[in-house]
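>
4 protein chains.
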Amino acid sequence: MAFTYHRRIHFSDTDAAGVVFFANVCSMCHEAYEASLIASGISLREFFNNSSCAIPIVESQSKFFYPLRCGDRVQISLTPQLISLTEFSIVYHLALMAEGAEADSSQPKRAAWVLTRHVAIEPTQRRRCPVPSNVLEWIDQWGEGPSEALTDENY
Amino acid sequence: MAFTYHRRIHFSDTDAAGVVFFANVCSMCHEAYEASLIASGISLREFFNNSSCAIPIVESQSKFFYPLRCGDRVQISLTPQLISLTEFSIVYHLALMAEGAEADSSQPKRAAWVLTRHVAIEPTQRRRCPVPSNVLEWIDQWGEGPSEALTDENY
Amino acid sequence: MAFTYHRRIHFSDTDAAGVVFFANVCSMCHEAYEASLIASGISLREFFNNSSCAIPIVESQSKFFYPLRCGDRVQISLTPQLISLTEFSIVYHLALMAEGAEADSSQPKRAAWVLTRHVAIEPTQRRRCPVPSNVLEWIDQWGEGPSEALTDENY
Amino acid sequence: MAFTYHRRIHFSDTDAAGVVFFANVCSMCHEAYEASLIASGISLREFFNNSSCAIPIVESQSKFFYPLRCGDRVQISLTPQLISLTEFSIVYHLALMAEGAEADSSQPKRAAWVLTRHVAIEPTQRRRCPVPSNVLEWIDQWGEGPSEALTDENY
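Chains as they are written, first to last, in my numbering: chain P, 27 to 181; chain B, 27 to 181; chain Z, 27 to 181; chain A, 27 to 181.
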């Protein structure tokens, strides 16, 4: 059910150590997030300019297992999960995909793991508001779902 | 014969004016350059770590005609041209592609024009060297070709 | 009279070739532009959110003379020039500064040259409008000035 | 004892929501890390090209409390801590500094918190190696120190 995004590592993603700069792994995950929203029929322009509800990232975590280099083919699997009526998280798994002669025999190599946490807010007052219905549908489409009925004490 | 690259505008490409930050247009063109090298069978890892010949960009020019926003679908057409035995240029045309109901009736909208000039050098001495043969083949494949036989007085 | 900005090369500016990625040179010049606006008492937040006049970059040119590496100390000299009542350009010279034992005896090394061209527009209609008065004062303060009285046939 | 780094928010740090893109907060923290190394007499060029010991980031965490906008003045306080003979972490606190008339009366506003974890490895084999002595001195200079004698079972 996870959304899958494929991406080459660009030269501009790398640093003088020859591998992807750590912060750019987070940018790549945000690209996958945007692609999954488009795949659910959400207009990015409306999503990121919504005057009644903004959904900023309030937390992120990353673990880096294997260095990625220019030209590497990466698969990003993305799974959103609703945390409360006003909040959701996304888990991303990045895998380095084998190519050419190795493509058949090799397994993808675990490269990184990223988590982002997102809170829906009403922009002028910066107070929590419910996650909009089209975003709930996006979570339903690609996510695992909560294990039980949600209540939101923060809301 | 030009190489064509398709790309969504990512949120990280934009700035607080709501449109793509001007320098990021150049980064996008470099992505198209990398994709064209891969399409010609060139390994990016070997290309950018070639100890006998590096090909730095020595000049770039950009013109911006129309602002690009997050989620926009862009087509980049790339045409390399050999300038001398040690030097080539690439011209990029960026067009904003219509979507949905407008896709059939609308023409792509000219968004930007970029030129980069690249010089082949031997890395340790930083002196000019001939453009490698696999890069000449890449120019042949996607380029317009020089209008006459080349001589290189700089070489 | 030029405005001068000093800047270390950050690790995130570099790419897998070990030197600053070409597009990032343009980003650095924009930082110098922002610093010069602040030095003239202009609020960046108001400048980049001005609802009656936006000043997008419509063209840029760059020449790269010497590669810059992580930790290098760079001086950017910036000179704006009014082109017409609705338009100005900025020229940037980037120099690599010597350090430590070499600081006294060595001359700065020319690293790059950049030009940007900016057009004042009224944002909703995207039609040209006069360069605002506080920006004219900024041009007076750091610029060379036009060699003769301006007329603007485009306006 | 923490190292302190001051930085303006650049236009290129922001995104179309008008605030700093979340991943760019991590890049800013890495700038502070580089500045602290220079302040301890460490050459960045040698540090990031050390053929006997590389120190990649293996994990990062970020919390975002307050949005940062173009032109904002930010203070980053950095505190390294040795975790084992082969590993250290850095904690960064980002605060938005008041300016002008508010500078005297206003407290800095907590904007973000970032943690990075770094492991020393021997680059060819990618096996753990001891944190180099000049990096231990840097930790001593800016850090809080471990609360007890270190042993390293991983080493």
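Heads up, the beta-carbon is just placed ideally off N, CA and C, and yes, glycines get one too.
Skipping 5 residues on each side, what residues in its chain have a beta carbon closer than 7 Å to that of residue 44 of chain A?
The residues are 95.
> In chain order, what residues of the same chain lie with their CB nearer than 8 Å to the CB of residue 180 of chain P, ignoring the 5 residues before and after it?
Confidence is the limiting factor: at residue 180 of chain P the pLDDT is only 39, short of 50, which leaves the residue's position unreliable and the question unanswerable from this model.
> Can you check whether the CB of residue 130 of chain B is closer than 8 Å to the CB of residue 40 of chain A?
no
> For the stretch 67–87 of chain P, which residues have a CB atom closer than 8 Å to at least one CB atom of chain A, in sequence order?
74, 75, 80, 82, 83, 84, 85, 86, 87
> I'd like to check one pair, residue 104 of chain Z with residue 62 of chain Z: are the Cβ atoms closer than 8 Å?
yes
> Please compile the residues from chain B whose C-beta is within a distance smaller than 8 Å of the C-beta of residue 53 of chain P.
36, 38
> Does any C-beta atom of chain P lie closer than 8 Å to the C-beta of residue 113 of chain B?
Residue 113 of chain B does not count as touching chain P.
> Please report how far the alpha carbon of residue 86 of chain Z lies from the alpha carbon of residue 86 of chain B, in whole angstroms.
8 Å
> Kindly identify the DSSP beta-bridge partner or partners of residue 138 of chain Z.
Paired residue(s): Z:90, Z:120.
> Any heavy atom of the ligand SAH within a distance shorter than 7 Å of the CB on residue 61 of chain B?
For the structure depicted, the ligand SAH is absent and the ligand set is empty, with no information on it obtainable.
> Drop a sphere of 10 angstroms on the beta-carbon of residue 11 of chain B, count the other beta-carbons inside from all chains shown, and report buried for 16 or more, exposed for fewer.
It is not possible to answer for residue 11 of chain B, since the shown part of chain B is limited to 27 through 181.
> Could you please give the first and the last residue of the uninterrupted alpha helix (DSSP H) stretch that includes residue 71 of chain Z?
70–74
> Label residue 150 of chain A either buried or exposed according to how many other C-beta atoms from any shown protein chain fall within 10 Å of its C-beta, with 16 as the threshold for buried.
exposed
> Measuring straight from C-alpha to C-alpha, what distance separates residue 182 of chain P and residue 166 of chain A?
Given a span of 27 to 181 for chain P in the structure shown, any question on residue 182 of chain P remains unanswerable.
> Per the DSSP calculation, residue 31 of chain B is bridged to which residue(s)?
B:102
> Within the 8 Å Cβ cut-off, does residue 144 of chain Z reach chain A?
False, the Cβ-Cβ gap to chain A never drops below 8 Å.
> Taking 6 Å as the limit between beta carbons, can you name the residues of its chain near residue 102 of chain P, skipping five residues before and five after?
31, 58, 118, 120
> Are residue 100 of chain Z and residue 35 of chain Z closer than 8 Å when you measure CB to CB?
yes
> Can you find a CB in chain P that lies within less than 8 Å of the CB of residue 28 of chain B?
no
> Determine the chain A residues that contact residue 42 of chain P at a beta-carbon separation under 8 Å, and present them in chain order.
74, 75
> If we define contact as Cβ-Cβ less than 8 Å, is residue 50 of chain Z a contact residue for chain B?
yes
> Rounded to whole angstroms, what is the Cα-Cα separation between residue 75 of chain P and residue 82 of chain P?
If you draw a straight line from the Cα of residue 75 of chain P to the Cα of residue 82 of chain P, it comes to about 12 Å.
> Strictly by DSSP, which residues pair up with residue 162 of chain B?
DSSP, once it has assigned bridges, lists no residue as partnering residue 162 of chain B.
> What number of angstroms, rounded off, separates the C-alpha of residue 134 of chain P from the C-alpha of residue 37 of chain B?
28 Å
> Name, going along the chain, the residues of the stretch 85–110 of chain A whose beta-carbon falls closer than 9 Å to a beta-carbon of chain B.
Residues passing the 9 Å Cβ filter: 95, 96.
> Using a Cβ-Cβ cutoff of less than 8 Å, which residues in the same chain neighbour residue 107 of chain Z once the five nearest sequence positions on both sides are dropped?
114, 115, 116, 117, 165, 169, 170, 171, 172
> Just the Cα atoms here: how many angstroms apart are residue 136 of chain P and residue 92 of chain P?
7 Å
> Under the assumption that residue 88 of chain B contacts residue 48 of chain B (Cβ atoms under 8 Å), give the Cβ distance between them as a whole number of angstroms.
7 Å
> Taking C-beta to C-beta, are residue 160 of chain P and residue 68 of chain P nearer than 8 Å?
yes
> Residue 56 of chain B versus chain P: which residues are under 9 Å apart at the beta carbon?
36, 37, 38
> Can you list the residues of chain B that residue 60 of chain P reaches, using a CB-CB cut of under 8 Å?
34, 36, 37, 96, 97
> Label residue 60 of chain A either buried or exposed according to how many other C-beta atoms from any shown protein chain fall within 10 Å of its C-beta, with 16 as the threshold for buried.
buried
> Could you pull the DSSP bridge partners for residue 108 of chain P from this structure?
According to DSSP, residue 108 of chain P bridges with P:114.
> Going by DSSP, what residue range makes up the alpha helix (DSSP H) through residue 56 of chain A?
Note, residue 56 of chain A: alpha helix (DSSP H), 48–65.
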